[in-house]
Structures are given as structure tokens and as C-alpha cells.
Amino acid sequence: MSAMQAPLSEGPVPAAFRAADDPKAFREVLGQFCTGLTIVTGQLPGGSRFGLTASSFQALSLDPPLVLYSVRREAASVDLVRRAGGFCVNVLRDHHGPLARRFGSAVEDRFAGEAWHESPSGAWRLPDAIAALDCRLWNICEGGDHVIIIGEVTAMSRSDGDPLLFFRGEFRPIGPAPHP
């Protein structure tokens, strides 16, 4: 039997497609995609620090090594990262839920209570992050109601541990691997 003649799966029937004109429904559909969580940090020439929680992080290129994240167009961090000229992406560990909430809120001093270390670029690295990527700003692109911030990775680190995940609007640990 050829692939064109293969029988249909007997699994669950997928929901019917519908127009993507409802922002709330669109968010719910996107919530079905599990992502990792990061805190993106930076430092301005005068020494002021900034940071935000981002689940929209991903690799873009291996040569040169590029990563990206996106934020709302009106976010203050867009101008801050432009002025800083770079940033550090901290990939969060499974116990970092409270920290992710703090950096996703309007708390004034988001860095309080943690032992942050300066990265090679002058941005800030969370010592127990499972990975950190120090980046020089490569480009900022328009993308609907968001901007896409692209960085060239200039230094990086990694450690063992499990990531903090974001799924269906909630922070979650990775959970045990399924048994074969």
C-alpha cells in the first residue's frame, strides 16, 4: 500500500478550522504549544539594568549564531535594548516560576533578591539558569503588534537541570520522560 493509499488514523478527530479573527481564541490555540521561559536582561551605558520574561525565544541561525525573542511594539524594553546594544538571555530552571512572574510584572526592582552576575557584554546573568546566551544586538524587525529582536551570540554557558515550561497559560516543570 503506498503512502497515498494509507488508511486514515483512528485517533481523535481534529477540531474544524475557524477564522483567526478572535485574539482570545488565537491565544488559546497558541497556548497548545509548549515553550521554555527566559529572562532577557541588559544594562544601559549609565549602569541602569532592565529585564523581562520572554517565552518567545528561539534560535535563528547557526552561522552566524543568532537568536531572537519578540515583545509588544510599545514595550519600554525595545528602546532599552536598542540603547544598550545587547542583551543576555537566561533560560530558566524549573524552580524559577516566582522569578519569571516578577520579571513579567511591573515590579520596580526586578533584580532584587537574586545573586546576578555581570555577563561579558555587561548584561546580567542568573548564575543558576540552565543556559545563558550573551548577545550583541543584530537587528530589530517589525512583526505586526510586536517587534522581533535578533541578537548575535558572543558568549554562552550551560548547566544541567530541567527547564521551566509555559503551557496553556501556566508555568510547569518538564515532568518525567515516558517509558517505552
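Read in order, the letters of the sequence shown correspond to residues 1 to 180 in full-length UniProt numbering. Heads up, the beta-carbon is just placed ideally off N, CA and C, and yes, glycines get one too. Keep in mind that this is a model prediction, so the values were computed, not measured.
Look up leucine 52 in the DSSP assignment and give the residues it is bridged to.
The partner list for leucine 52 (beta bridge, DSSP) reads Val40.
Under 8 Å by Cβ, that's how I've got asparagine 133 and valine 78 pegged, so tell me the actual separation to the nearest angstrom.
The sequence shown places leucine at residue 133, rather than the asparagine named in the question. With 8 Å as the limit, leucine 133 and valine 78 do not qualify as a contact, their Cβ atoms being about 19 Å apart.
So the alpha helix (DSSP H) leucine 30 belongs to, where does it begin and stop?
Secondary structure note for leucine 30: its alpha helix (DSSP H) is the uninterrupted segment 23-30.
What is the rounded straight-line gap between the Cα of histidine 146 and the Cα of isoleucine 130?
The C-alpha of isoleucine 130 is placed about 27 Å away from the C-alpha of histidine 146.
Who are alanine 155's beta bridge partners in DSSP?
Paired residues: Asp134.
Phenylalanine 103 beta carbon less than 8 Å from that of arginine 49
No, Cβ-Cβ distance for arginine 49 and phenylalanine 103 is not below 8 Å.
Could you pull out every residue in the same chain whose Cβ sits closer than 6 Å to the Cβ of aspartate 94, ignoring the five residues on either side in sequence?
Cβ within range, chain order: Asp162, Leu164 and Pro173.
Is the region 67-74 touching the region 138-153, taking contact as three or more C-beta pairs under 8 Å?
Yes, the region 67-74 touches the region 138-153.
Among Gly143, Leu99 and Pro64, which one has its Cα closest to the Cα of alanine 115?
Checked all of Gly143, Leu99 and Pro64; the closest Cα to alanine 115 is Leu99.
Identity of the residue in Arg73, Pro64 and Ala16 nearest cysteine 141 by Cα
The shortest Cα separation from cysteine 141 among Arg73, Pro64 and Ala16 belongs to Arg73.
Could you tell me whether the Cβ atoms of threonine 35 and serine 55 are closer together than 8 Å?
The answer is yes: Cβ separation under 8 Å.
Rounding to the nearest angstrom, what Cα-Cα distance links proline 120 and glycine 42 in this structure?
Distance between proline 120 and glycine 42, taken at the CA atoms: about 11 Å.
Where does serine 105 fall in DSSP's three states?
It is coil, neither helix nor strand.
Proline 163 (DSSP reduced to helix, strand or coil)
In the structure shown, proline 163 adopts extended strand secondary structure according to DSSP, grouped into three states.
Taking valine 107 and threonine 38 to be in contact with their CB atoms under 8 Å, please state how far apart those CB atoms are, rounded to whole angstroms.
Incorrect: roughly 17 Å between the Cβ atoms, too far for contact.
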